[in-house]
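Have a look at the structure below, then the notes.
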Ligand code: SF4
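Residue numbers (the working numbering): 23 to 530.
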């Protein structure tokens with residue numbers, strides 16, 4: 023009895039095996055190869071899709087695209103790791119026909135083909151639609167925050183900048199105070215005269231710093247100067263430099279459109295994550311309800327989801343070519359304007375309303391207890407009084423209804439409003455919102471369905487793919503990363519549904 027033995031390393035064979043023998047018929051790498059080979063790289067806009075007539079031959083964008091898709095499929099995302107795979111992984115050798123690019127070329131490919139990579143994801147979606155895997159009738163939309171390549175302490179808004187400047191001012195003031203305490207000349211001065219004027223002291227420091235720089239270059243000669251003095255002076259220079267930088271950032275913050283600045287990745291935004299604040303991007307996905315495949319994805323800078331619904335829904339409808347589309351989203355997406363935009367695009371929205379009012383908790387009537395009568399354009403209140411239209415907001419978005427007279431003599435006023443009278447606001451297209459609410463009421467399982475379809479892809483991207491943060495910087499670059507990740511999710515899901523061989527033959 024012995025262990026199972028392998029072949030000798032020196033063994034030669036009469037009929038040498040070829041690379042293709044090592045890649046099984048059901049290997050996903052064959053599907054990646056078949057899918058990429060059918061793409062029109064020139065139409066997608068890949069660089070070097072048309073060979074230049076002169077210069078050094080470039081790598082074929084088909085090969086590099088295959089490498090990236092393979093990498094994201096098997097959770098290898100960095101260009102250095104992809105380079106390593108191309109040198110040691112037999113599947114990658116098969117896929118790339120033994121082309122072994124260096125990490126610079128791999129990384130450059132992603133940077134130069136941001137938009138085309140996003141189009142590749144859409145091409146695969148269309149392919150899935152053609153295969154009948156995407157139904158295009160109902161989609162669930164959701165968003166999740168992904169960390170950007172930017173540390174939290176390198177992002178600023180006006181509040182942070184002024185807090186930091188204040189902190190530095192305090193440190194500088196403390197330093198000068200210590201100096202003045204040791205200054206014999208100030209010994210006899212009254213205490214009140216020693217108030218520190220930071221701006222004046224900093225001007226003085228500017229002059230001192232110049233002198234100090236010269237002195238420090240000559241510091242070896244100054245043997246009497248103690249190490250302690252030198253370090254405190256250096257510290258002061260650092261504080262001064264930091265204050266100057268913060269003042270420049272304050273100007274940038276003021277000039278920025280949304281009042282914040284990120285130094286490492288200028289496109290990233292400081293936003294609230296599931297647990298705490300992060301600097302990142304808000305990735306939005308629309309998952310088709312037929313087979314839980316991602317129909318559309320986008321990376322945005324939006325800090326909240328409330329303005330994302332109509333854009334995502336309309337774009338998804340265009341991509342999947344649906345005549346009628348139903349969209350499921352959580353209450354974070356609720357917005358009158360967004361629901362109205364979807365309605366105008368012939369998209370049914372099933373989105374629960376955000377409950378801001380605390381009236382119900384306090385045991386008081388809410389707007390739901392008031393009945394609108396369209397024939398008379400009045401609200402009937404719980405005391406059976408008519409609240410009439412009194413004014414309309416500008417721009418005309420809201421109409422307001424009230425009856426001061428009725429409220430003054432009302433017997434149940436304590437259950438209705440703490441103020442003199444109750445005013446009811448009505449959105450100018452409230453009938454659309456009411457219809458959406460009625461549609462949602464008819465489908466009590468809608469939110470369970472939403473959760474079932476949309477949370478799995480994000481779970482896969484974050485847990486299985488380990489994609490908690492983006493490796494690249496800039497909105498287009500992270501969009502390309504997300505597209506590759508979404509494509510790998512869809513590939514896995516499609517393989518699970520139909521298998522590699524069926525998919526390849528269907529694509530042929
Ligand atoms: S307080 Fe005014 S609005 Fe409220 S129930 Fe009484 S009459 Fe109606």
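Yeah, the Cβ is synthetic: ideal placement off N, Cα and C, and Gly gets one too.
Asked	Found
Nearest-angstrom Cα separation, counted from residue 136 out to residue 459	40 angstroms
Near ligand 1: residue 444 beta-carbon under 6 angstroms from a heavy atom	yes
Beta bridge counterpart(s) of residue 28 as assigned by DSSP	Beta-bridge pairing links residue 28 to no other residue.
Environment of residue 194 [buried if 16+ CB atoms lie within 10 Å]	buried
Rounded separation between residue 292 and residue 189 - CA only	21 angstroms
Minimum C-alpha distance to residue 448 - residue among 411, 48, 468	411
Test item: CB-CB of residue 382 and residue 171 under 7 angstroms	no
Same chain, Cβ closer than 6 angstroms to residue 414, neighbours up to 5 away in sequence not counted	421
Three-way DSSP call (helix, strand, coil) for residue 413 in this model	strand
Residue from 83, 153, 152 with nearest C-alpha to residue 138	83
Ligand 1 heavy atom lying under 6 angstroms from the CB of residue 435	yes
Residue 528 beta carbon less than 7 angstroms from that of residue 153	yes
Contact belief for residue 45 with residue 113 at Cβ below 8 angstroms, rounded distance in angstroms	6 angstroms
Stretch pair the segment 48-64 + the segment 125-133: three plus CB contacts closer than 8 angstroms	no
Residue 166 - DSSP class collapsed to helix/strand/coil	strand
Whether residue 356 touches residue 375 by CB criterion (7 angstroms)	yes
Residue 432 Cβ short of 6 angstroms to ligand 1 heavy atom set	yes
Three-pair Cβ contact test at 8 angstroms for the segment 335-352 versus the segment 461-478	yes
Three CB pairs or more closer than 8 angstroms across the segment 487-505 and the segment 25-40	no
Buried or exposed (CB count within 10 angstroms, at least 16 for buried), residue 87	buried
Simplified DSSP assignment, three categories, for residue 177	strand
Counted within 10 angstroms of its Cβ, other Cβ atoms place residue 299 as buried (16 or more) or exposed	exposed
Where residue 326 falls: helix, strand or coil (DSSP)	coil
Contact check, residue 284 vs residue 332, beta carbons under 7 angstroms	no
Any non-hydrogen atom of ligand 1 closer than 6 angstroms to residue 404 Cβ	yes
Residue 487 versus residue 303: straight-line alpha-carbon distance, rounded	17 angstroms
Limits of the alpha helix (DSSP H) - the one that residue 311 falls within	Taken as a continuous stretch (DSSP letters only), residue 311 belongs to no alpha helix (DSSP H), as it is neither H nor E.
Pick from 525, 402, 518 that is closest to residue 387, judged by C-alpha positions	402
DSSP-derived helix/strand/coil call for residue 112	helix
Near ligand 1: residue 428 beta-carbon under 6 angstroms from a heavy atom	yes
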